[in-house]
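Undergrad:
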Amino acid sequence: MVTKDFKERIEELKKKKDAFIIAHYYQRHEIQEVADFIGDSLELSKKAAQIKNNLIVFCGVYFMAEIAKILAPHKKVLIPYKKAGCLLADMAEVRELREKKKEFPDAKVIAYVNTYAEIKAEADIICTSANAGKIIEKLDADKIIFLPDKNLGTYYSQFTKKKIILWNGYCPVHQRITLESIKRVKEKVKNALVIVHPECPPEVTKIADFVGSTSQLVRYVKNSQAKRFIVGTEEGTVFKMKKEAPEKEFFLPDPIPTCDQMKMITPERLIKALEEEIYEIEIDPQISEKAKISIERMF
Ligand code: SF4
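Printed below as a string of structure tokens:
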């Protein structure tokens, strides 16, 4: 629930500081309410490059704020809480990637957007969950090191003849969306379509009626004839779904998938970030430049 005071204070600070707030779909509802733009990783990265304001406050996890800084290096980019990391991004480090590249010298590297700048700088190209299939096909290589999400890599490898070398990483939030967690809800809710994110385990994507990135899931519920959906992704997404399709019903797996890292961005921390202009994202310019090439290749 957004209080009037919070909303007014944010508006005041946005004007005073010439700030633009971007938020990921997984953010708390209060944060989504005051954001100037809400989207998934792909939409947010595109948006970051177009923002005219001098100050960008990125309400999401650290790697996302890094992308904004890479694409808009002359802007001041803040994240309201520095420790809001991504557990999936933490599962890949540069030293290991370099070793993997040595092991497979004829392979090219696709890094999922959920990686830190150093990994992006080492990759040939970046992908998101919305475009991973296309990027795999278009990349000029028959062998691909795909990191860090093994579930996403497994999902897209079924649509290609290329050899996909998987990384042993996963998103703990989506990994907890099991067949049982969906079945428990299905037993209570009749005539609901199961729609899930490709970061979910293969046994879950296999039984789903639709698999797509967060923005694709939102579009799907809006355009579908169905009225009820069991949504296999982070719970914050349902906030946007309810806005886009208020006449439809949404149900989450049991237990509810929640990303605690995303929820570290609180209204209090957002106000403090704007007031004190903390925490500023800084990236080594050489790494930033290399990472930018990999991101722009994706576009
Ligand atoms: S939901 Fe998973 S992939 Fe997304 S930010 Fe949280 S830990 Fe990272």
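Here the sequence shown stands for residues 36 to 334, numbered as in my numbering.
We put the CB at the ideal spot given by N, CA and C, even for glycine.
This structure is a prediction, so every number in the text was calculated from the model and none was measured.
1. Who are the Cβ neighbours of N89 in its own chain at under 7 Å, not counting the five residues just before and after it?
2. In whole angstroms, what separates the C-alpha of T38 from that of L48?
3. Do V229 and I242 have their CB atoms nearer than 8 Å?
4. Measuring straight from C-alpha to C-alpha, what distance separates T189 and F264?
5. Which of the three DSSP states, helix, strand or coil, is assigned to I306?
6. State buried or exposed for R304, treating a residue as buried only when at least 16 other CB atoms are found within 10 Å of its CB.
7. Would you tell me roughly how many angstroms separate the C-alpha atoms of K82 and S248, rounded to the nearest one?
8. May I ask whether a heavy atom of ligand 1 can be found less than 7 Å away from the beta carbon of Y190?
9. Specify, as a first and last residue, the run of the beta strand (DSSP E) that G267 falls within.
10. So K277 packs on F285, CB below 8 Å; how close in whole Å?
11. Can you tell me whether E311 is buried or exposed? The criterion is at least 16 other CB atoms within 10 Å of its CB, across all chains shown.
12. Which residues have a Cβ closer than 7 Å to any heavy atom of ligand 1, listed in chain order?
13. For K185 and D177, I'd like the C-alpha separation in whole angstroms.
14. Using three-state DSSP, classify F41 as helix, strand or coil.
15. Candidates D244, A158, V144 and I322: which alpha carbon is nearest I200's?
TA: In terms of the structure at hand:
1. Closer than 7 Å at the Cβ level, and outside the excluded window around N89, lie D53, K110 and K111.
2. CA-CA distance, T38 to L48, rounds to 16 Å.
3. Cβ distance < 8 Å, so V229 and I242 count as in contact.
4. Between T189 and F264, the alpha-carbon positions lie close to 24 Å from each other.
5. Looking at I306 - three-state DSSP - the assignment turns out to be helix.
6. Burial of R304 is indicated by the presence of at least 16 other C-beta atoms within 10 angstroms of its C-beta.
7. Counting only the Cα atoms, S248 lies some 17 Å from K82.
8. No; taking the cut-off as 7 Å, the Cβ of Y190 has no heavy atom of ligand 1 nearer than that.
9. Start and end: R263 to G267.
10. K277 to F285, Cβ: 7 Å. Contact.
11. E311 comes out exposed.
12. Residues flagged by the Cβ proximity filter: Y61, V96, C121, L122, L123, A124, N149, C206, P207, V208, H209, E234, E269, C294, Q296 and M297.
13. If you draw a straight line from the Cα of K185 to the Cα of D177, it is about 18 Å long.
14. Correct three-state label for F41: helix.
15. Selected option, being the one with the closest Cα: V144.
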